[in-house]
Structure formats: C-alpha cells, structure tokens
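What follows is a single structure, written as structure tokens, with notes after it.
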Amino acid sequence: MRDEGENGKTLLEALKSRFLHRLSPQLMRSRMLWETVEILSRSPLYKTRWKADRISLNAFVRMTRDAYLGRRPVVWCNLLVPSELVHGSGCLPFYPEMASAVIASAGLASRFLDRAGEAGFSPDACSYHRCLLGAALEDLLPRPHAFISVNYPCDSAVLSFRYLSHLYRVPHFALEVPLIRGEKRVEFVAAEMERVAHSLASLAGREGRELRKGLAEAIELSNQALKYHAELERLRRETDCLLDGKDVMGYVSVLAACMGTREGARFYQTLLEEVTERGRPGEGAKRIMWMHLKPWYKHSIFDTITAHGARIVCEEYTHPYWKAMDPRHPFVSLAQKTAGHFLVGEAERRIAHLQAMAVAYRVQGAIHFNHWGCRQSCGAAQTIRMRFQQRGIPVLVIEGDCVDERELQEGQILTRLEAFLESLRERE
Amino acid sequence: MSELRERGEATPEVTWFCGYTPVEILEAAGLDHRRATGVAEDAEDADAYLHPSLCPYVRSCLAEGLRLPPGHHHAVFVNACDALRRLYDAWSYLFPESFVYLMDLPRGSSPREVEILTDEMKRLAEKLEERFATQVTQEAVIEASRRREERRQIYLRHAPKLSGVEKVKTSLALQSSQPEIDPPKDEERTSGARVPVALVGNILNPNGILRALEQAGAQVVILDVCNGDRPFLASAALEADDDPYRALATAYLRRHHCARMQGWQGRTKDLIERLRKARAAGLIYVTLKFCDPYIYEFPLLEKVLEEEGVKTLRLESDYLDAHVGQVVTRVEAFLEMLSRGSRG
Ligand code: SF4
Ligand code: SF4
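In order, the protein sequence lines correspond to chains A and G. Each residue of the first sequence is one higher than the last, beginning at 27 in my numbering. Each residue of the second sequence is one higher than the last, beginning at 4 in my numbering.
Structure follows, in structure tokens:
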C-alpha cells in the first residue's frame with residue numbers, strides 16, 4: 027500500500043516509525059502490535075489505489091496476525107505450492123519469499139541480508155532467501171509447524187527450507203515435480219500432495235471428511251477467483267486498461283497465498299468491477315511486458331516508463347496460467363496446477379508461454395529483470411531475448427536485485443531504459 | 004561388440020556433465036562418452052548465452068561446447084540444478100542438430116522416486132536407440148555396469164597412494180569410456196610431514212586451489228568432490244538377474260550423495276565417520292562460486308562439524324583459480340592451527 031495517510035506517511039512507514047525501534051521476537055508476537063496494525067489498516071486515513079487493495083490488506087493482516095499469534099498451524103511455502111492445499115488442510119500458508127518483498131519495501135532488507143551473511147550464506151545466493159533466512163535467524167517471522175517446497179521455479183527454496191527445517195526442528199515436505207510428461211507426472215505429484223495434506227490436516231486436527239470438505243471448499247473459492255482474474259486479464263489484453271503492471275506485480279502475494287480463501291475471490295471480483303467501472307485511460311500507451319519480478323523498494327524505473335508514454339500491460343508472475351479445478355478431485359487438480367506451471371522444466375516451456383502472452387497482449391517491447399542470484403530466470407534471459415527478437419519484439423535485460431537496494435545501479439539502468447523506450451517510439 | 008561398431012561406423016561421443024548421468028546406458032548403446040571439464044579460461048565466451056551468476060563450471064562447459072567442431076555436440080544433461088538445466092537450454096538452442104537430452108533426477112530414494120528414475124533411464128535408452136539406430140539390451144547395460152565397477156576398483160586401489168591433484172586427474176579419466184591413465188608422477192606424490200585433511204565440495208580444477216593447498220602442506224585424505232572420490236564410493240555393479248534399470252536407479256539414488264540430494268543428515272554422518280577413519284585433522288570446504296546446493300549446505304554443515312569438534316575452512320573457487328596465491332596464506336594458517344591442535 028503506497029498511498030499516503032497520517033501526516034503524509036504510508037501505512038508501512040507509520041508502522042515503522044511506531045515500532046521499528048522496539049522490533050523484537052516478543053513484539054511480533056504481541057496482541058498489542060496486531061491490534062494496532064488492524065486499527066491502522068482499517069483507518070480511512072490510509073487510502074488504497076483500488077478498493078480491492080483494502081481486501082487483500084485485511085486478508086494479509088488477518089493471516090499474518092494469526093500466524094504470529096499461533097492461532098493455526100503455520101506452513102511455510104514457496105511460490106509454486108498451491109495455497110488451496112494448505113487452507114484446505116486447516117493450516118495457514120506463509121510465503122516467506124513474499125515476506126522478503128514486504129521487508130524490502132519497508133527498506134529493512136539490508137539488516138537481514140547482513141545477518142544471513144554472518145551466518146555463512148554467500149551473497150551470491152538469491153536475496154529473497156537470504157533476507158528470509160536473516161529474519162528467521164532473528165526469530166522475527168511467524169514460527170513454522172512445517173515447510174513445503176516445490177522444486178520449481180528454483181533450487182533456492184528446497185535448499186533454504188532444508189536449513190530452516192533444521193533450525194526450527196519441524197518437518198520439510200519437499201514436493202518434486204518430475205520432468206516426465208502427461209498422466210504419470212500428475213499422478214506422482216497428486217500422490218505426494220495427498221500425503222502432505224494428511225500430515226497438515228493432522229497438525230490442524232482435521233478428520234478425513236473434514237479435510238476433503240476443506241479442500242473442496244478451497245478449490246471452489248480458488249475457481250471463483252480465477253474466473254474474475256481471467257476476465258480481468260481479458261480486459262487487459264483487449265483494451266487499454268487502467269490497471270498498470272507495476273501495481274499488478276504486487277498481487278503476486280494474493281495469487282500465492284489467498285487462492286482458496288473468500289478474500290481471494292472477493293479481491294479479484296472487486297478489482298474487476300472497479301477496473302470495468304473506471305474505464306480506459308485512452309492514451310494509446312506503448313505496451314510493455316515485464317518478465318521476472320520488480321524491485322520492491324523505492325526506485326524510478328516505473329515512473330520513467332510512464333513518463334515515456336509506456337505501460338506494463340502484462341507480467342510473467344501474475345498471469346493466471348491454470349484452468350479451473352475439479353473440487354471432487356483436489357489432489358489431481360492441484361497437481362495439474364503446479365505441474366502445469368510454465369516455470370517447471372525446460373526454458374522452452376517458459377519461452378513458449380511468454381511468447382504466447384506477448385502476442386495475446388499485443389506487446390511492443392519487453393523488459394526482463396535479472397534478479398541477482400536467480401539462476402533459473404537470469405540463466406534463460408539471453409535465450410529469451412534472442413527468441414523474442416526473432417519475432418520482432420525487442421527485449422531490454424536489466425541487471426539488479428529485487429530485495430537488496432544496494433545492488434541497484436539506478437543511473438545506468440535509467441539511461442538504458444530511456445534509450446530502449448525511445449527506440450520503441452521510433453519504431454512507430 | 005555394439006551394433007554401431009559392428010556396422011563399422013565411427014563411434015559417436017556423448018558429453019555429460021553430472022555424476023548422476025547413467026553412463027552404463029551410454030556404453031550399452033555403443034557410444035563413447037566423457038565428462039566435460041570445460042575451458043575455464045574461456046568462460047566469458049558463454050556470456051552471450053549464460054548469465055555470469057551461473058556457476059563457472061557450467062559456463063566453462065558451454066565455452067568448450069562453442070569450440071567443438073560441428074557434429075561433436077551430443078550431450079546428456081541431468082536436471083540436477085538450475086544451472087545445469089539452463090546449460091541444457093542453451094546447448095539445445097545452439098546445437099539443434101545434435102542429440103541433446105535432459106534427464107530428470109529425483110532428490111530422494113523413496114520407491115516412487117526410484118520408479119521415476121527407472122522410467123527416466125528407460126526413456127534415455129529408447130531415445131538413444133532412436134537417434135543412433137542402435138539397440139540397448141539389458142545384457143549390455145549389465146555388462147557396462149561391470150566395466151564401470153572394474154574402473155571403480157582401479158580407482159580405489161590407486162587413490163590411497165595419490166596426491167589430490169592426481170586423484171582428480173585419475174577420477175576424471177576413469178569416469179570416461181576410454182580411460183587413459185598416466186602413471187602417477189613421483190614429484191606429485193605426497194611426502195614429508197603433512198596435515199591430513201578432508202576436502203569437500205563440488206568440482207575442482209586440478210591445477211587450481213587444490214594444487215595450491217597441497218603445496219601449502221595439506222595431505223588430502225578424503226576428496227569428497229564430483230571429480231574426486233565421490234563417484235567411486237559405492238558400487239553400481241548389476242547382477243545378471245537384476246532388472247537393470249530399476250537396479251541402476253536404486254543404486255544411483257542410494258549411493259553417497261552430493262549436497263543437492265535429500266538425506267542430508269545421512270551424508271553428514273557418513274562424512275564424519277569417514278573423516279574419523281581417515282584421521283583427517285580438519286575439513287576444507289572448496290566450492291565453485293554460484294553453486295546453490297553448496298552455498299546453502301555450508302552454514303549447516305559447519306555448525307554440525309563444530310559440534311563434533313571438526314574445524315573447517317571455507318574456500319571459494321572461480322574454476323580458473325588464477326589468483327590462487329591469495330588463499331595460500333589462509334590455508335597455511337589453517338593447517339598450522341590444525342597441527343597445533345593435534346600436537347596439543
Ligand atoms: S528470485 Fe529466482 S532464485 Fe529467488 S526465489 Fe524467486 S525464482 Fe528462486
Ligand atoms: S557445481 Fe553446483 S551449480 Fe555447478 S553444475 Fe554442479 S551442482 Fe550445479
């Protein structure tokens with residue numbers, strides 16, 4: 027939430043100025059803190075860009091509060107773990123990679139990155155993970171009852187969760203999506219998910235029938251969210267739409283953690299209604315696609331894009347790539363969702379997916395953000411650039427770090443970005 | 004004799020990169036094979052395709068691939084890490100006319116995972132049969148596993164007499180289908196009062212850090228790296244009545260693991276036992292930069308080793324190791340501390 031409230035501060039800034047000097051494991055687990063957060067987050071002083079942002083904010087405040095206060099078993103997940111599995115099993119999903127994004131947007135990442143460094147983690151590893159490791163080492167994150175990792179998009183979660191499961195002495199379920207295609211792959215992942223769901227349900231004290239009911243409900247809600255989300259994306263593809271990718275990228279956490287909840291469905295419904303209502307900007311902006319994620323701290327990259335009459339019309343990580351699921355077959359459905367992700371397997375799948383998106387959204391140029399240490403993504407950036415260029419779509423590859431602001435050479439980036447945006451204009 | 008050889012055709016050579024590649028199947032298909040070492044000096048040539056934050060082994064291998072003449076790019080990759088998967092992507096993009104294959108590798112050894120690897124191995128055999136118009140028979144796989152076991156025995160016989168540098172060279176040679184092993188050179192043999200250490204890591208340039216630390220006085224009694232002892236620690240020899248693919252998959256998933264696999268506790272326990280048996284005074288953790296499995300393993304391993312009273316030194320290599328002189332002082336200080344500890 028970026029909009030200004032009390033004395034011109036954002037909500038995060040207001041919380042920082044009240045609590046940062048007292049930040050401690052005890053504070054994070056105190057009722058007083060969460061009562062204040064709830065009051066502040068509901069305050070009309072803090073306006074949100076879209077009405078839907080209020081819904082996701084409240085959902086995150088509730089889930090994070092419950093996680094810190096231990097109201098339900100907490101399960102740490104990486105991005106490709108479907109949250110429907112965790113909600114449906116009666117536990118609370120916590121996506122620590124997203125927590126790193128919040129920490130970075132609050133300008134606090136360097137402290138935790140340094141802490142991870144002191145513990146022996148090389149600065150060559152992905153800073154999403156170094157940041158969450160540092161915060162975990164300071165015991166500032168909600169304590170987990172279990173970990174689930176999927177072996178895609180990257181190796182980082184499988185490896186850092188292994189360390190953390192040792193630190194917290196709780197189980198780590200390492201879900202593997204095999205490379206083999208077709209039924210067998212889905213069967214394998216479904217069986218693994220079923221095994222994990224039973225373990226989670228027993229943590230939450232759910233019986234077999236309750237588990238099935240919980241999963242069916244979570245999948246129904248997820249399907250509802252998907253319906254609105256897909257419609258929203260249709261609008262973005264077909265029209266000049268007010269919704270800007272620079273904001274949509276922030277919804278990666280909604281897409282990760284809120285699928286399978288009422289708030290997830292309400293979020294996309296409300297967003298769709300408001301976007302439809304507000305109509306088009308009608309400015310004929312250059313249509314840009316963003317690959318990988320954005321830097322979460324303050325910078326001028328997006329202002330520069332806007333100033334050059336361009337707009338991010340689609341983003342890699344917030345695209346609803348999966349189909350509606352069958353609540354009668356939760357494990358097969360969720361396995362299809364995870365195994366069908368375009369970041370699973372060879373880069374060819376990712377490239378084909380991104381190229382199809384580029385055509386569907388009629389993009390005129392694309393930006394690939396090379397997040398330092400993200401081998402899976404940076405490793406394919408040059409191939410993506412070449413393949414897009416063969417199709418006549420120029421790609422700008424930017425080097426930086428989504429979490430560690432000390433690693434962003436902003437001056438250099440802006441010069442290259444401006445030249446790129448100019449060249450797009452000249453192509454008219 | 005393989006069908007390829009019977010037809011009098013030149014035997015194609017397949018390059019591979021990860022120790023989990025089932026070379027038995029390549030041999031059973033009648034193919035020559037070798038483990039890529041890469042050209043560390045030319046790693047920058049890979050910049051146009053691979054990001055500099057990918058491990059230097061992977062980048063050096065692509066640099067080597069770019070130098071190979073056309074028709075020499077058949078390659079089998081294992082989905083062991085993000086970097087290797089991206090190397091596969093770049094290789095298949097660059098050399099589409101070659102046999103470029105990515106095989107999966109589960110991390111654990113549960114029955115389901117054995118099943119997956121068994122299927123993957125069968126599929127590799129089928130793809131080789133298709134591409135090279137040959138047949139991979141079960142007998143040939145079993146036969147190849149026996150040849151590999153012979154090479155393993157050679158390594159185990161020689162290794163205790165070899166310096167670390169020689170071990171890496173011998174290990175690499177014995178991992179290919181046509182091993183050429185030079186007799187160990189006298190001047191490289193370990194001699195004099197040396198400090199016995201275990202070396203743990205991923206891939207070593209034999210002429211880099213390893214040479215420097217031996218010169219500094221280390222005697223490498225355990226060389227737990229991909230191009231050292233690790234590939235030879237466990238047998239994967241098959242019996243005549245085995246279902247070869249299943250037996251091979253089981254052996255590969257149960258052998259002594261690298262940091263990438265699950266069962267980390269087992270790996271550590273085993274390492275500590277070997278350390279004690281070999282009377283290693285300490286452990287040097289030497290890894291290539293940008294390698295996530297080892298980056299994330301170290302803090303945990305260091306902690307466990309500390310609890311066991313084992314001292315560790317961590318060194319990082321860029322695979323070229325041109326500035327290796329800078330680490331010598333640290334190694335000397337570490338060895339000095341270890342020898343003081345053993346005297347005291
Ligand atoms: S940024 Fe890349 S390496 Fe880091 S968690 Fe995400 S996918 Fe993994
Ligand atoms: S050294 Fe590490 S990153 Fe490089 S190929 Fe081996 S496991 Fe992968």
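Backbone N, C-alpha and C define an ideal beta-carbon position, used for all residues, glycine too.
- Taking C-beta atoms as the reference points, G/V203 and G/A221 fail to come closer than 8 Å.
- Scanning the segment 397-441 of chain A for uninterrupted alpha helix (DSSP H) segments of 4 residues or longer gives 401-416, listed from N- to C-terminal end.
- Given a length threshold of 3 residues, each whole run of the beta strand (DSSP E) inside the segment 266-338 of chain G is given here in chain order: 285-291 and 315-320.
- A/V222 sits close to A/F199, with the two beta carbons spaced by under 8 Å.
- G/T14 is the residue among G/R88, G/T14 and G/E123 whose C-alpha sits nearest the C-alpha of G/H75.
- Unbroken alpha helix (DSSP H) stretches of 4 residues or longer found wholly inside the segment 61-106 of chain A: 77-94, given in chain order.
- At least one C-beta of chain A is nearer than 8 Å to the C-beta of G/E305.
- Non-local beta-carbon contacts of G/Q265 in its own chain, meaning distances under 7 Å to residues more than five positions away in sequence, involve R110 and G111 in chain order.
- Taking the beta carbon of A/Q362 as reference, no residue of chain G falls within 9 Å; the closest one sits roughly 18 Å away.
- A/K312 has A/A336 as its beta-bridge partners, per DSSP.
- Taking 8 Å as the threshold, the shortest C-beta distance from A/C103 to chain G does not fall below it.
- By DSSP's assignment, G/I225 forms a beta bridge with G/A201.
- One finds nothing in chain A with a Cβ atom closer than 8 Å to the Cβ of G/P99; even the nearest lies about 12 Å away.
- Under a criterion of Cβ atoms nearer than 7 Å, the residues of chain A adjacent to G/H54 are, in order, N396, C404, G405 and A407.
- With a threshold of 8 Å between beta carbons, A/S148 makes contact with chain G.
- The beta carbon of G/S179 sits no closer than 7 Å to any heavy atom of ligand 1.
- Residue range E16 to W19 is occupied by the beta strand (DSSP E) that includes G/W19.
- With distances taken between CA atoms, A/L163 lies nearest to A/L190 out of A/D181, A/L190 and A/A172.
- A distance below 8 Å separates the beta carbons of G/S148 and G/A239.
- Of all alpha-carbon atoms in A/S403, A/E61 and A/V385, the one lying nearest the alpha-carbon of A/G371 is that of A/S403.
- Short of 7 Å from the beta carbon of G/S179, and not among the five residues preceding or following it, lie these beta carbons of its own chain, in chain order: H36, R37 and R38.
- With a threshold of 8 Å between beta carbons, A/G366 makes no contact with chain G.
- Using a Cβ-Cβ cut-off of 8 Å, A/C267 does not count as an interface residue toward chain G, since no Cβ of chain G sits closer than that to its own.
- Each residue's CA atom was taken as its position, placing A/H192 and G/E300 some 11 Å apart.
- Distances from the CA of G/T332 to each of G/L316, G/R343 and G/D321 were compared; the closest alpha carbon is that of G/L316.
- Collapsing the DSSP output to three states places A/R388 in coil.
- In this structure, A/Q402 has its beta carbon less than 7 Å from a heavy atom of ligand 1.
- By the criterion of a C-beta distance shorter than 8 Å, G/L177 is surrounded in its chain by R154, R155, I157, Y158, I184 and F235, once the five residues flanking it on both sides are discounted.
- Between A/S115 and A/A230, the CB-CB gap stays under 8 Å.
- If you check each beta-carbon in the segment 45-74 of chain G against every beta-carbon of chain A, the ones closer than 7 Å belong to A51, Y52, L53, H54, S56 and L57.
- In the DSSP annotation of this structure, G/F235 is not part of any alpha helix (DSSP H), being labelled neither H nor E.
- Against G/L105, the close residues of chain A are L205, G371 and E372, in the order they occur along the chain (beta-carbon pairs closer than 9 Å).
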